[in-house]
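From first to last, the protein sequence lines stand for chains A and B. In the working numbering, each residue's number is its place in the first sequence (first place is 1) plus 279. In the working numbering, each residue's number is its place in the second sequence (first place is 1) plus 1185. The beta carbon of each residue, even a glycine, is placed where N, CA and C say it ideally should be. All remarks here apply to the structure that follows.
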Amino acid sequence: MASNTPLHISRLSYLFFIIIFAVILFLDTKNNTFNFLRTAQASLVITTNLLSNETKKFIDSLFITQKSYKIKAKELSELQDNYDSLLASNFVTTSNASVIDAEANSMNLHAAKIKYFDAYRYSCCGVHEMLISASGYEFKPVVNASGLIGQIVSNQESFGTLMLLSNSKHSLPVFIDSVYCNAFGKGVPMKVYCNIEVDQMNNFIFPGQLVSTSGLGGIFPRGLKVGIVSEITNLGEVFEISIDLTADPRISPNIYVVDNK
Amino acid sequence: MRAKALTTIILSLILGFFLDSFFTSLINETYFEISLTYLIFFYWCYAAPQQFSLLLIIATGLILDFVSAFFLGTYTLSFILFSFIIRSYAFRLRLFSHLQISLIFILLSSIGFTLKYQFIYPDGYFYSKLIFNFLSILILWPLVFGFCRYLRKRYAPDIR
């Protein structure tokens, strides 16, 4: 379009609207006639601010809750680890304190975790073993927060194989009162058995009697609490003593290797 | 005019208003003011005199009056007045340089500024505002021109 071409503008309509809006403006400035529009705008702004603030707070609270949950879960886990460690340490130092104080004081507990445990095979099939995150401690005893649970029998790369006391291949020299016997597992969870010849049987062996390690064999320190006698069965030439183990290996993933140098 | 072009014009004016408020609050609300809204409005009158019709001008003015919570007609009345002047000379203005156009817009903006403050909000009238407004238009016109031209080419290519 040429630069000097006039653009068709209806001057009358312009004049009309100028007068109309001048009147509207005059009325509004003098009498606040259209104050409801400003009120509506203000309420719209306030509502929008409120909604955006509340949404922001909600999102922030979600984030903070998630964050604090993670922190609390971590703290709880650390607390559990410390508590287990204290209980295990307490078990080792108190259960054989009366027997060999000096030896108990020289024992170190190395913390480790259970990495693999087949609970089904533990219940059904007598294979009572665990993979733990500790290697290089072959034939060392292992405790958890509830007591003595077994010994490390081999190493597999960075893991160690822990054989539980109730394993059918495990054998543990114990004292029941003053009588020595070899407690062996039969693959029954939380139970070991001892065979005592008839002439060695005495009145001090009874259900409820404390059973502790004898220290013979050089692997388990003397005096560690193993369990209590639960049943005595006469098999003719021998008595079979059934012992309930004190320690449950399933209570916690935290275990401790006893390094009695 | 297509809805996209209409939306572009209205949104650019609202954006101009919010930028005005933002920059003014950043500097000093009492003594300084810039008129990006007017500049953007001038651009659309200047670049699309045929499409930017009177009804559309009234609609955008009313929307801005509502958004800014000013007295009803503050923007609308000044928009009608300015659009009448700019649309009357739209094609002749295209012969002028940017400096000349910005001087014309400064004059119009100063009239709008005076209308707004002298008659509607007399307590807020300061010469510092007027001078700052004058300088800001001189500096901002090329930027607004470039920005709105980009918007026009990108979102409203049918406006000529």
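To which residues of the same chain is L524/A closer than 7 Å at the C-beta, ignoring the five residues directly before and after it?
-> Correct list, in chain order: L444, S445, M469, K470, V471, V505 and G506.
Start and end of the beta strand (DSSP E) containing F518/A?
-> V517 to L524 is the span of the beta strand (DSSP E), which, as asked, contains F518/A.
Does any C-beta atom of chain B lie closer than 7 Å to the C-beta of F296/A?
-> Chain B, which has a Cβ nearer than 7 Å to the Cβ of F296/A, makes this yes.
Which chain A residues are close to F1251/B, counting only those with a beta carbon under 7 Å from its beta carbon?
-> For the C-beta of F1251/B, the chain A residues within less than 7 Å are, from N- to C-terminus, L316 and Q320.
Looking at S364/A and K392/A, is the spacing between their C-beta atoms short of 7 Å?
-> Not in contact: K392/A and S364/A (Cβ atoms no closer than 7 Å).
Return helix, strand or coil for Q1236/B, following the three-state DSSP convention.
-> DSSP places Q1236/B in coil when its eight states are reduced to three.
Are at least three pairs of beta-carbons, each pair with one atom in the segment 392-411 of chain A and one in the segment 512-520 of chain A, less than 8 Å apart?
-> Here the segment 392-411 of chain A makes no contact with the segment 512-520 of chain A; the two share fewer than three CB pairs at distances below 8 Å.
Decide if D380/A is buried, meaning its Cβ has at least 16 other Cβ atoms within 10 Å, or exposed.
-> With a pLDDT of 49 at D380/A, under the threshold of 50, the modelled position of this residue cannot be trusted, and the question is left open.
Are the beta-carbon atoms belonging to I484/A and C460/A less than 7 Å from one another?
-> Not a contact, by the Cβ cut-off of 7 Å.
Interface partners of G1258/B on chain A, CB under 8 Å | Neighbours of G1258/B on chain A, chain order: F300, A301, I303, L304 and D307.
Exposed or buried, which one is G496/A when buried takes at least 16 other CB atoms within 10 Å?
-> G496/A should be labelled exposed.
Determine the burial state of L330/A: buried for a count of at least 16 other Cβ atoms within 10 Å of its Cβ, exposed for fewer.
-> Burial call: exposed.
Please confirm whether I1205/B and I1219/B have their CB atoms less than 7 Å apart.
-> Looking at the sequence provided, one finds Asp at residue 1205/B rather than Ile. Cβ atoms of D1205/B and I1219/B: closer than 7 Å.
For the beta strand (DSSP E) holding Y459/A, just list the boundary residues, first then last.
-> In the DSSP annotation of this structure, the continuous segment of the beta strand (DSSP E) that includes Y459/A starts and ends at V458 to G464.
Under the rule that 16 or more other beta-carbon atoms within 10 Å means buried, what is T318/A, buried or exposed?
-> Counting other Cβ atoms within 10 Å of its Cβ, T318/A stays below 16 and is therefore classed as exposed.
Any beta-carbon of chain B closer than 7 Å to the one on Y293/A?
-> Yes - at least one Cβ of chain B is within 7 Å of the one on Y293/A.
Would you tell me roughly how many angstroms separate the C-alpha atoms of I297/A and A1254/B, rounded to the nearest one?
-> Going from the Cα of I297/A to the Cα of A1254/B covers about 20 Å.
Contacts of I1305/B in chain A (Cβ-Cβ under 8 Å) | What I1305/B touches in chain A: L304 and T308.
Which listed residue (Y1216/B, F1202/B, A1232/B and I1199/B) has its alpha carbon closest to that of P1342/B | It is A1232/B whose Cα lies nearest to the Cα of P1342/B.
Those residues which DSSP pairs with G429/A across a bridge | Answer is V421/A and L443/A.
Give the secondary structure of Q488/A by DSSP, where H, G and I count as helix, E and B as strand, and everything else as coil.
-> Coil, per DSSP.
Hey, could you find the ends of the alpha helix (DSSP H) T1259/B is sitting in?
-> In the DSSP annotation of this structure, the continuous segment of the alpha helix (DSSP H) that includes T1259/B starts and ends at T1259 to S1273.
Would a check of beta-carbon distances place F1226/B closer than 7 Å to chain A?
-> By this cut-off, F1226/B is not an interface position.
Helix, strand or coil: which one does DSSP assign to H1283/B?
-> Helix, per DSSP.
Where do the N-terminal and C-terminal ends of the beta strand (DSSP E) with E408/A fall, by residue?
-> Note, E408/A: beta strand (DSSP E), E408 to I411.
Counting along the chain, where does the beta strand (DSSP E) carrying Y535/A start and finish?
-> Its beta strand (DSSP E) spans residues N533 to N539.
Measuring alpha carbon to alpha carbon, tell me which of L1247/B, R1272/B and L1315/B ends up nearest Y1228/B.
-> Of the candidates L1247/B, R1272/B and L1315/B, the residue whose Cα lies closest to the Cα of Y1228/B is R1272/B.
Would you please verify whether the beta carbon of F541/A is less than 7 Å from any beta carbon of chain B?
-> With chain A running from 280 to 540 in the structure shown, residue 541/A is simply not present.
Cut-off 8 Å between Cβ atoms - residues of its own chain near K1314/B, not counting five sequence neighbours on either side | Non-local beta-carbon contacts of K1314/B in its own chain, meaning distances under 8 Å to residues more than five positions away in sequence, involve Y1216, F1217, E1218, F1298 and Y1302 in chain order.
Note down, in chain order, every chain A residue with its Cβ under 9 Å from the Cβ of S1282/B.
-> Going along chain A, no residue has its Cβ under 9 Å from S1282/B, so there is no contact; the nearest lies around 14 Å.
CB contact below 7 Å: A1233/B versus chain A = When Cβ-Cβ separations below 7 Å define contact, A1233/B makes no contact with chain A.
Residues sharing a beta bridge with N387/A, DSSP | Looking at the DSSP assignment, N387/A forms a beta bridge with D538/A.
Check the Cβ-Cβ distances between I325/A and every residue of chain B, and say whether any is below 7 Å.
-> So, not an interface residue.
Can you find at least 3 beta carbon pairs, one from the segment 1258-1275 of chain B and one from the segment 1229-1248 of chain B, that sit closer than 8 Å?
-> Yes, they touch.
Distance CB(S491/A)-CB(G502/A) smaller than 7 Å = In contact: S491/A and G502/A (Cβ atoms closer than 7 Å).
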